[in-house]
Amino acid sequence: QNFLGNKKSPHYKQIVPKMISDFQKLKCNMNLKLYFLDSHFDKFPHNLGDFSEEQGERFHQDMKIMETRYQGRWDVNMMADFCWTLERESAESRKRKRTSLHRSFENKRTRYSSRQETD
Numbered sequence: 001q002n003f004l005g006n007k008k009s010p011h012y013k014q015i016v017p018k019m020i021s022d023f024q025k026l027k028c029n030m031n032l033k034l035y036f037l038d039s040h041f042d043k044f045p046h047n048l049g050d051f052s053e054e055q056g057e058r059f060h061q062d063m064k065i066m067e068t069r070y071q072g073r074w075d076v077n078m079m080a081d082f083c084w085t086l087e088r089e090s091a092e093s094r095k096r097k098r099t100s101l102h103r104s105f106e107n108k109r110t111r112y113s114s115r116q117e118t119d
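FYI, in the UniProt record's numbering the residues of the sequence shown are 1 to 119.
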């Protein structure tokens, strides 16, 4: 309880691995979200409360897409695909838009007409 919320349990580092091992003992299929939590546990910031509800909802939507895409086959390829998807999305948001190398018709017409006036 509250192991990843605004007020984390002081024992959250023991809670998650125990929960994962208990699921494995029960031979439960791990939910993709739990698998991601287990494999990337050290990457979570100290205060997850800094993230908005929108970001949390986005994570759940992304996981749902991955679950439907891979239809229950949880493997290394699926996790790699998910991580590369996140990397591509973040790289695209960092790219700057380039200015067009081609001028619009209006710019050409204005430039040509101003040249005629000087002749």
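Don't be surprised by glycine CBs; every beta carbon is placed ideally from N, CA and C.
query	result
Coil, strand or helix - Gln24 by DSSP	helix
Neighbourhood of Asn29 by C-beta distance below 6 Å, restricted to the same chain and skipping five residues each side	none
Integer-rounded CB distance, given that Met63 should sit under 8 Å from Met78	Between Met63 and Met78 the Cβ distance is about 11 Å, and since that is not below 8 Å, they are no contact.
Arg73 burial status per 10 Å Cβ neighbour count (16 or more: buried)	exposed
Length of the line joining the Cα atoms of Lys25 and Lys18	10 Å
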